[in-house]
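Have a look at the structure below, then the notes.
2 protein chains.
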Amino acid sequence: MDEVLGKPTMISRVLLRLLFLSFTLNVGLVSRLIYEYDHERGSSSLHTTDAEEKQSYTEFCLGEEASKKTRESTTMSTAAADHEAYVSESSPSLSTEAEEDGKEKVVNLDHGDPTMYEQFWQNMGDKSMVVISGWQSMSYFSDIGNICWFLEPEFAKEVRRLHQLVGNAVTRDHHIVVGTGSTQLFQAALYALSSSGAFEPVNVVSAAPYYSSYPSVTDYLKSGLYKWAGDAYSFKGDEPYIELVTSPNNPDGFMRQAVVNRNGGVVVHDLAYYWPHYTPITYLANHDIMLFTVSKCTGHAGTRIGWALVKDKEIAKKMTKFIELNTIGVSKDSQLRAAKILQVVSDSCEHLNSREDSKNFFRHASRLMAERWDRLRDAVRQSGLFSLPEFMPESCNYFGEANTPHPAFAWSKCEGGIEDCESFLRGYNIITRSGKHFGAEAKYVRISMLDREQTFNLFVKRLSNISL
Amino acid sequence: MDEVLGKPTMISRVLLRLLFLSFTLNVGLVSRLIYEYDHERGSSSLHTTDAEEKQSYTEFCLGEEASKKTRESTTMSTAAADHEAYVSESSPSLSTEAEEDGKEKVVNLDHGDPTMYEQFWQNMGDKSMVVISGWQSMSYFSDIGNICWFLEPEFAKEVRRLHQLVGNAVTRDHHIVVGTGSTQLFQAALYALSSSGAFEPVNVVSAAPYYSSYPSVTDYLKSGLYKWAGDAYSFKGDEPYIELVTSPNNPDGFMRQAVVNRNGGVVVHDLAYYWPHYTPITYLANHDIMLFTVSKCTGHAGTRIGWALVKDKEIAKKMTKFIELNTIGVSKDSQLRAAKILQVVSDSCEHLNSREDSKNFFRHASRLMAERWDRLRDAVRQSGLFSLPEFMPESCNYFGEANTPHPAFAWSKCEGGIEDCESFLRGYNIITRSGKHFGAEAKYVRISMLDREQTFNLFVKRLSNISL
Chain Z
431 MDEVLGKPTM ISRVLLRLLF LSFTLNVGLV SRLIYEYDHE RGSSSLHTTD AEEKQSYTEF
491 CLGEEASKKT RESTTMSTAA ADHEAYVSES SPSLSTEAEE DGKEKVVNLD HGDPTMYEQF
551 WQNMGDKSMV VISGWQSMSY FSDIGNICWF LEPEFAKEVR RLHQLVGNAV TRDHHIVVGT
611 GSTQLFQAAL YALSSSGAFE PVNVVSAAPY YSSYPSVTDY LKSGLYKWAG DAYSFKGDEP
671 YIELVTSPNN PDGFMRQAVV NRNGGVVVHD LAYYWPHYTP ITYLANHDIM LFTVSKCTGH
731 AGTRIGWALV KDKEIAKKMT KFIELNTIGV SKDSQLRAAK ILQVVSDSCE HLNSREDSKN
791 FFRHASRLMA ERWDRLRDAV RQSGLFSLPE FMPESCNYFG EANTPHPAFA WSKCEGGIED
851 CESFLRGYNI ITRSGKHFGA EAKYVRISML DREQTFNLFV KRLSNISL
Chain Y
431 MDEVLGKPTM ISRVLLRLLF LSFTLNVGLV SRLIYEYDHE RGSSSLHTTD AEEKQSYTEF
491 CLGEEASKKT RESTTMSTAA ADHEAYVSES SPSLSTEAEE DGKEKVVNLD HGDPTMYEQF
551 WQNMGDKSMV VISGWQSMSY FSDIGNICWF LEPEFAKEVR RLHQLVGNAV TRDHHIVVGT
611 GSTQLFQAAL YALSSSGAFE PVNVVSAAPY YSSYPSVTDY LKSGLYKWAG DAYSFKGDEP
671 YIELVTSPNN PDGFMRQAVV NRNGGVVVHD LAYYWPHYTP ITYLANHDIM LFTVSKCTGH
731 AGTRIGWALV KDKEIAKKMT KFIELNTIGV SKDSQLRAAK ILQVVSDSCE HLNSREDSKN
791 FFRHASRLMA ERWDRLRDAV RQSGLFSLPE FMPESCNYFG EANTPHPAFA WSKCEGGIED
851 CESFLRGYNI ITRSGKHFGA EAKYVRISML DREQTFNLFV KRLSNISL
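Line order of the protein sequences matches chains Z and Y. Quick note on our numbering: the first sequence kicks off at 431 and runs consecutively. Quick note on our numbering: the second sequence kicks off at 431 and runs consecutively.
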């Protein structure tokens, strides 16, 4: 209910207590009903698939040829989702399903759908629930006093609070621009940093291996403002450029810095993965343009909310203008939900280094990631199929201890003379993304570490049985 | 609560009754607290404005020169909003404020912010409330079996149901593509209908007066796929083209048909205003691409949800691809909320022509629009300042009676030799949008009819006192 109540006055604080007493009577029933409804919804979603209509999904992250397998796999992982979200780990039906691996089930780890966090949020229960009345947030406008006029003040407040607590980025003296995910903000930055009067489109570069969506998202509209110019390492000449620095990097998880460092260039920092569960927080980022998203921070990819921290006022204005022209602002409902989610994450920070520190979101997630990476490395040792990147522990300013990075993706290189790693794994019904989409060799694949427990279990089990 | 409960099983139906009994105890307190919170929030939003930071908003719909006035006006209308949403019409404080008009208050009717519907939705109370748990809709995917893989099945179901009830558009044999408002869907359609292999960008045309955003939204990225080519009436030559047909038209409210009708052309129908409260439903639309949005249908502009009904499967796939590249899908939270809102509107249709037919959303809204148009025409008669478009009554298939159109905008022509109507009205602190943005003369202005009651009252009062 907190979302509706907000910051109550003296009177309403009293009313809030009364309401809470009465409301607790309902909680048991509510959660029971949530279970009923979603269990139903989950299972029904398994039966509504229509073979004739399924090609579109493959266009998201995948080549057409992987279409059929992907659809099967996603159907499976939808099933897994519904089980995991509402059935305890010890459920016999689930464990039986996990044991038997007939290899015919497709394991899809191509895209970074962060569904591994569902369990944490289910454990949070009503704390992370939002309630939105029919008459709320109907206007186009959120905060007319702000450069970003569609930014919900509550969301902005929680963004600043979380960065303050984690210590991963400066928000003071930066403007916040909210976006429909960081993909929209990336395009807003390109628009803001390019000049409509320029004779030639500005070059957009990133050091390989770079995020596989950068080329297509830069070029799909054949814009006269900017164009994809490939690997930053091989960018020559003295033309103006925009360099994208993803740190930690997608796909390989290493911390990054700009590599071109020339006059007439500007840098956009994509810090989507610069959170304590993926990498040690080693410095307080204070770049001109920094992009973040709830998808990778809290796992709420379906909410489509990202934010940019922007130092220069005119750039913030131009990014806001892009989002105005592109989608006339950003959903208020999603901003309200994201505000609530970030608030719960910030509140959970109080448990850090306490006896209940598994209630701390970052501690919980960082243990999950560490455990998954250990299991992956074990499986890889058994099969000898891959080589994986090695990371050194570093002191994390958030956890106050030395931590090893546990990236959201495993950037894996096939050994034993396998030239096309993606095809090789597809032979085992394991869908990954080929290195060639990242400006690297086909020997490499990117493997998501963020999928549901059941999918990840099936993956390591199958992997450990592959021997060269 | 319905959103969480969904379609309960036998067991949960019983639980639902128990829950409802217990929950009703809270309703009084909840609504009281909502009032407390929002009243607070409203008034505080009046004090947080910072003069130095306010230019950005003017970029939405307005020229820079109107900046200051617009900001003042919006501050006012924010104040009005908070009053109107939580204080009864008969509140003395409100009526006093409405009576006195010192002319120094800016009345901003430039943009079509559909806040007039807030009152209806407040009256709906909990019926239109959505509750979203922290673990819901976390994945990127909604319906893997669908061409539009990020379309929430519940939203799709309610879209089809509403069109079926209203009879304004065919949904059978059409694919639904959901978008972040119809602005994103408009760009998705341009992307889907243009060819990346074409030597020249395809011409995008619309008959003047056309929607003022079409030129800028078509050209802001200087795309090599499509380019704005102006008024469809003056489009000559045999190059390929895309014609945008807005019907009823924004700004003038008249029903429209394609005007170019040549080979090598395709038509996109923007039917955002083809609903019974704006115009009689005279035919069942069955075009290849039809765009709709909740902003203008139910007033939920802040939710940023629109939908396209698309006949051709390949076009639907390409539109889906655009939205995938642009924002990686559409917020699940907003789709769930929009589904709930559309469900309430459809449910309210049962009251049509009953004794309680003011509970029918379209009847309620259509009476409001008719009453506003009457008051506008009275004020115009008194001042003699404008001429307004005249509409003939037509038989409405939805209401089952003859109705006169009452468009969302008043397309007004200044008389008495006034050449620049927008500037003239700004002299009276009335902000409108000049005809020149719509490919028409500066003698014309577009005036929003959808703003909050208090703003509209102030407008007609002030207008009736202007005499030539």
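A virtual CB, placed ideally from N, CA and C, is assigned to each residue, including glycine.
- DSSP places Lys557/Z in the helix class (H, G or I) of the three-state scheme.
- In terms of beta-carbon proximity, Asn859/Z stays away from the interface with chain Y, with every pair separated by 9 Å or more.
- At a cut-off of 9 Å between C-beta atoms, Tyr644/Z does not count as an interface residue with respect to chain Y.
- Around the beta carbon of Arg892/Z, 16 or more other beta carbons sit within 10 angstroms, so the residue counts as buried.
- Relative to the Cα of Asn859/Y, the nearest Cα in the group His836/Y, Cys844/Y and Phe889/Y belongs to Phe889/Y.
- C-alpha of Ala622/Z to C-alpha of Ala838/Z: approximately 29 Å in a straight line.
- Met554/Z places its beta carbon 9 Å or farther from that of Arg882/Z.
- The C-alpha of Glu824/Y lies about 7 Å from the C-alpha of Thr712/Y.
- DSSP places Trp658/Z in the uninterrupted beta strand (DSSP E) bounded by Tyr656 to Asp661.
- Listed along the chain, the chain Y residues whose CB falls inside 8 Å of the CB of Glu548/Z are Trp565 and Met568.
- With at least 16 other beta carbons inside 10 angstroms of its own, Leu766/Z counts as buried.
- Contact between Lys789/Y and Pro544/Y is ruled out by a C-beta separation of about 20 Å, above the 8 Å threshold.
- Proximity of Asn756/Y to chain Z, defined by a Cβ-Cβ separation below 9 Å, is satisfied.
- By the 16-neighbour rule on beta-carbons within 10 angstroms, Gln552/Z is buried.
- In the DSSP assignment, Phe792/Y falls within the unbroken alpha helix (DSSP H) covering Phe791 to Ser813.
- In this chain, Ala688/Z is not harboured by any alpha helix (DSSP H), its DSSP state being neither H nor E.
- If you check the CB distance, Trp658/Y and Val634/Y come in under 9 Å.
- Beta-carbon to beta-carbon, Leu615/Y and Ala738/Y are separated by about 5 Å, close enough to satisfy the 8 Å threshold.
- For Met822/Y, the closest C-alpha among the options Lys666/Y, Ala599/Y, Gly683/Y and Gly542/Y is that of Gly683/Y.
- In this structure the segment 634-648 of chain Z lies against the segment 663-681 of chain Z, because at least three pairs of beta carbons, one per stretch, are closer than 8 Å.
- For Gln552/Y, the C-beta contacts it makes with chain Z under 9 Å involve Ser563, Gly564 and Trp565, in order along the chain.
- Here Tyr874/Z is bridged, per DSSP, to Lys843/Z.
- Along the segment 637-662 of chain Y, going in chain order, the ones with a CB nearer than 7 Å to a CB of chain Z are Ser646, Val647, Tyr650, Leu651, Lys652, Ser653, Gly654 and Leu655.
- Using a CB distance cut-off of 9 Å, Lys873/Y does not count as an interface residue toward chain Z.
- Phe585/Z places its beta carbon 9 Å or farther from that of Leu815/Z.
- Among the residues facing chain Z, Arg876/Y is not included, as its CB has no counterpart in that chain under 9 Å away.
- For Ala832/Y, the enclosing beta strand (DSSP E) stretches over residues Glu831 to Asn833.
- In the assembly as shown, Ala809/Y is a buried residue. Its beta-carbon has 16 or more other beta-carbons within 10 Å.
- Burial state of Tyr663/Y is exposed, judged by a 10 Å Cβ sphere holding fewer than 16 other Cβ atoms.
- Per DSSP, reduced to three states, the secondary structure at Trp705/Z is coil, with no helix or strand assignment.
- Note that the segment 836-853 of chain Y touches the segment 863-879 of chain Y; at least 3 beta-carbon pairs, one per stretch, sit closer than 8 Å.
- Nearest CB-CB separation between Gly695/Z and chain Y: not below the 9 Å threshold.
- For Ala731/Z, the neighbours in chain Y by C-beta distance under 7 Å run, in chain order, Met568, Ser569 and Tyr570.
- Identification of residues in the segment 601-627 of chain Y having a C-beta nearer than 8 Å to some C-beta of chain Z yields Thr610, Gly611, Thr613, Gln614, Gln617, Tyr621 and Ser626, given in sequence order.
- CA-to-CA, the gap between Leu651/Z and Leu655/Y works out to about 6 Å.
- Below the 7 Å Cβ cutoff, chain Z contributes no neighbours of Ile848/Y, its closest Cβ being approximately 30 Å away.
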